[in-house]
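Enquirer: Handing you this structure, nothing more for now.
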Amino acid sequence: MARFFVGPLVGRITDTTEAFWNSPYYFPVTLAVTAVSLLTGNVVPSTVALALLCGWMLIFCRDILAAATPFLMIFLLSTVKYDSLAVFLPCAPLAVLPIGGLLVHFLRWRAPITVGRSGPGLAAVTIATLLGGLGTIPAKEYFSPLSLYYTLGLGLGLLVTYVLLRSDLAAPRLYDMLQRLMQMLYTLGLAMVLAIGCFYMDHWAEFAKSWEIPPILFRNFAATILVATLPAAFYMARRSRLHLMGVLLWALALFFTGSRTALLFGSVMLLLGMLYLVRWKKLPLWIFFAVLVTAAVAVLLFGQQIYELFFGCRGDMDFIDPHESRWALLTRGLQDFLHHPVFGVGLGNQKNHDIFTGVPGSMVFYHNSLLQILGSMGLMGLAAYGTLLWGRVRLLLRGGEAAHLVGLFYLGMQLTSLTNPGLFCPLPSAMLTVLAFAVLERYMDDPAYLPGRTIR
Numbered sequence: 025m026a027r028f029f030v031g032p033l034v035g036r037i038t039d040t041t042e043a044f045w046n047s048p049y050y051f052p053v054t055l056a057v058t059a060v061s062l063l064t065g066n067v068v069p070s071t072v073a074l075a076l077l078c079g080w081m082l083i084f085c086r087d088i089l090a091a092a093t094p095f096l097m098i099f100l101l102s103t104v105k106y107d108s109l110a111v112f113l114p115c116a117p118l119a120v121l122p123i124g125g126l127l128v129h130f131l132r133w134r135a136p137i138t139v140g141r142s143g144p145g146l147a148a149v150t151i152a153t154l155l156g157g158l159g160t161i162p163a164k165e166y167f168s169p170l171s172l173y174y175t176l177g178l179g180l181g182l183l184v185t186y187v188l189l190r191s192d193l194a195a196p197r198l199y200d201m202l203q204r205l206m207q208m209l210y211t212l213g214l215a216m217v218l219a220i221g222c223f224y225m226d227h228w229a230e231f232a233k234s235w236e237i238p239p240i241l242f243r244n245f246a247a248t249i250l251v252a253t254l255p256a257a258f259y260m261a262r263r264s265r266l267h268l269m270g271v272l273l274w275a276l277a278l279f280f281t282g283s284r285t286a287l288l289f290g291s292v293m294l295l296l297g298m299l300y301l302v303r304w305k306k307l308p309l310w311i312f313f314a315v316l317v318t319a320a321v322a323v324l325l326f327g328q329q330i331y332e333l334f335f336g337c338r339g340d341m342d343f344i345d346p347h348e349s350r351w352a353l354l355t356r357g358l359q360d361f362l363h364h365p366v367f368g369v370g371l372g373n374q375k376n377h378d379i380f381t382g383v384p385g386s387m388v389f390y391h392n393s394l395l396q397i398l399g400s401m402g403l404m405g406l407a408a409y410g411t412l413l414w415g416r417v418r419l420l421l422r423g424g425e426a427a428h429l430v431g432l433f434y435l436g437m438q439l440t441s442l443t444n445p446g447l448f449c450p451l452p453s454a455m456l457t458v459l460a461f462a463v464l465e466r467y468m469d470d471p472a473y474l475p476g477r478t479i480r
């Protein structure tokens with residue numbers, strides 16, 4: 025296609041690269057590369073390898089999706105040193121690889137600009153993030169690097185990402201795009217399962233001493249990724265019952281994160297996933313009810329032991345603690361909206377720093393998506409995110425397996441965003457959501473698409 029531009033040698037490299045992308049080895053290799061740093065606790069080897077792979081795939085593969093998995097995997101490596109993300113600084117120059125690769129990609133394969141159903145909503149969100157805090161946030165805070173990361177990353181950055189993805193995806197594919205998306209989500213989820221496993225390998229003595237889940241700094245980040253990617257595990261289980269072991273791994277990882285978000289919303293997603301298998305006749309209805317009864321009996325018989333295992337290290341803490349800082353953040357978010365109802369106080373505003381500090385490199389989250397919108401961007405933000413949500417819901421209402429699976433993924437993201445930063449983390453959560461809907465739009469634009477269609 026582009027050999028007249030690159031010559032025979034680069035053409036052969038391109039063919040080999042695309043063959044690797046379409047082979048059954050691509051996702052296992054990417055996961056294995058990620059596992060090196062997760063198992064050794066050294067972020068450098070996998071970060072370098074994933075950045076190189078991302079840049080290589082952008083340059084030598086026509087399909088932009090081939091670069092998405094290694095790029096997103098880099099951010100999962102933050103679990104290795106979640107309390108000291110400065111360890112990534114030596115790897116900062118590697119950013120030139122995906123950026124340069126992206127430029128070369130669009131020079132080699134020039135695709136006409138394409139915008140789908142998500143375009144208007146993302147454009148509205150871009151305006152809301154840029155104008156959020158107008159007349160309220162100090163200029164020093166608005167233009168700080170941290171503030172610009174969230175302001176641009178949650179608005180203009182997502183809009184540009186969407187346009188690039190949607191335009192590139194307009195080219196024909198020889199594979200089933202829904203299947204490839206689910207493989208991507210499955211690989212990301214497995215990496216997070218492995219991250220939880222590696223944590224317990226490193227802290228086994230501490231865990232075995234008291235048999236109480238130790239505090240995991242990245243537990244809420246893990247909850248977001250695990251809950252959102254769980255539908256992909258059920259998708260794979262529909263193809264082969266062997267992947268039910270994957271579902272079991274997800275369930276164990278969700279519990280052992282020690283995150284209440286994972287425990288609550290993970291349970292919801294597990295039930296919905298089993299109903300998905302019942303719907304496609306891969307799981308008998310009686311087994312679904314048997315699992316529910318077994319879980320209920322286990323809670324009744326061993327509820328106290330489960331509670332002590334989950335909450336033991338936190339002392340006298342209830343599932344809903346009326347004295348924790350989250351309530352103060354919710355109250356502050358409502359006050360910020362009432363005092364600044366039109367534009368809010370801005371995403372980069374540090375006025376609530378006295379309640380929440382978070383890990384270095386995070387903004388002051390309200391830990392609730394609705395109050396994050398109202399407090400940071402006011403009614404303008406509510407209108408913008410409402411436009412985006414309505415556009416996505418209309419797409420999901422078209423039905424079919426693709427809409428059901430992406431809808432479950434989106435539901436997981438939205439649920440975790442009720443108690444965690446969730447979708448207000450530009451990378452990987454918000455970008456991954458934009459990617460999923462870009463794929464769904466292209467998938468449904470296929471003339472052969474039918475709402476009841478099954479997947480090859």
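According to the numbering used here, the sequence shown is numbered sequentially starting from 25. From the three backbone atoms N, C-alpha and C, an ideal C-beta is built for every residue, glycine too.
#1: In three-state DSSP terms, what is A396?
#2: Which residues in the same chain as A219 place their Cβ atom closer than 7 Å to its Cβ, once the five residues preceding and following it in sequence are excluded?
#3: Which residues in the same chain have their Cβ closer than 8 Å to the Cβ of T54, if we skip the five residues on either side of it in sequence?
#4: Compute the Euclidean distance between the alpha carbons of P450 and M404, then round it to the nearest angstrom.
#5: Does DSSP classify V388 as helix, strand or coil?
#6: Would you call E230 buried or exposed, if buried means 16 or more other Cβ atoms sit within 10 Å of its Cβ?
#7: To which residues of the same chain is G15 closer than 7 Å at the C-beta, ignoring the five residues directly before and after it?
#8: What are the start and end residues of the alpha helix (DSSP H) that includes L442?
#9: Within the same chain, show all residues whose beta-carbon is closer than 8 Å to that of Y106, passing over the 5 residues directly before and after it, in chain order.
#10: Here's a check: name, in chain order, each residue in its chain whose Cβ is nearer than 7 Å to the Cβ of K375, leaving out the five neighbours to either side.
#11: Do you know how far the Cα of M468 is from the Cα of L209?
#12: If you count every other CB in all the chains shown that lies within 10 Å of the CB of E348, and 16 or more means buried, which is it?
#13: On the three-state DSSP scale, how would you describe H371?
#14: Rounded to whole angstroms, what's the CA-CA distance from L406 to A314? Just pull it up for me.
#15: Relative to the C-alpha of L316, which candidate in K306, E332 and L299 has its C-alpha closest?
#16: Distance check for G179 and L189, CA to CA, integer angstroms please.
#17: Report the residue from Y409, L419 and L432 whose alpha carbon sits nearest the alpha carbon of L150.
#18: Which whole-angstrom value describes the C-beta separation of G297 and L254, a residue pair presumed to lie in contact below a C-beta threshold of 8 Å?
#19: I237 and F280: beta carbons closer than 8 Å?
#20: Which residue wins for smallest C-alpha separation from L282, given the options T64, L155, E332 and L266?
#21: Hey, would you say L155 sits closer than 8 Å to L182, going by beta carbons?
#22: Could you work out which residue in T185, G79 and G399 is closest to A119 when comparing CA atoms only?
#23: Answer yes if the segment 387 to 403 comes into contact with the segment 434 to 449, meaning at least three C-beta pairs across the two stretches below 8 Å, and no otherwise.
#24: I need the boundaries of the alpha helix (DSSP H) containing A194, first residue and last residue.
#25: Give the list of continuous alpha helix (DSSP H) stretches no shorter than 4 residues that lie fully inside the segment 208 to 267.
#26: Starting from the C-beta of V271, find all residues in its chain whose C-beta is less than 8 Å away, skip the five residues before and the five after it, and write them out in chain order.
#27: Among the candidates L205, A135 and L170, whose CA atom is the shortest distance from the CA of L371?
#28: Between the Cα of I249 and the Cα atoms of G157, T153, R466 and G436, which residue gives the shortest distance?
#29: Roughly how many angstroms lie between the CA atoms of P445 and L33, to the nearest whole one?
#30: Take W235 and list the residues in its own chain whose beta-carbon comes closer than 7 Å to its own, dropping the five residues that flank it on each side.
#31: Less than 6 Å between C-beta atoms, sequence neighbours within five positions excluded: which residues of the same chain meet that for V458?
Expert: The short version:
#1: In the sequence on display, residue 396 carries Gln and not Ala. Note: Q396 maps to helix in three-state DSSP.
#2: L62, L100, T103 and A246
#3: L74, L77, T93, P94, M97 and T211
#4: 20 Å
#5: coil
#6: exposed
#7: What is shown of the chain runs 25 to 480, which leaves residue 15 out entirely.
#8: Note, L442: premise wrong, no alpha helix (DSSP H); not H, not E.
#9: L241, F242, F245 and V383
#10: V369
#11: 19 Å
#12: exposed
#13: Rather than His, the amino acid found at residue 371 in this sequence is Leu. Here L371 sits in coil by DSSP.
#14: 42 Å
#15: L299
#16: 15 Å
#17: Here residue 150 is Thr; the residue named in the question, Leu, does not match the sequence. Of the candidates Y409, L419 and L432, the one whose C-alpha sits nearest the C-alpha of T150 is Y409.
#18: 6 Å
#19: yes
#20: In the sequence on display, residue 282 carries Gly and not Leu. Of the candidates T64, L155, E332 and L266, the one whose C-alpha sits nearest the C-alpha of G282 is E332.
#21: no
#22: G79
#23: yes
#24: No alpha helix (DSSP H) contains A194, which DSSP labels as neither H nor E.
#25: 228 to 234 and 243 to 263
#26: L254, A257, F258, A261, L294 and G297
#27: L170
#28: G436
#29: 46 Å
#30: L333
#31: L182, T185 and Y186
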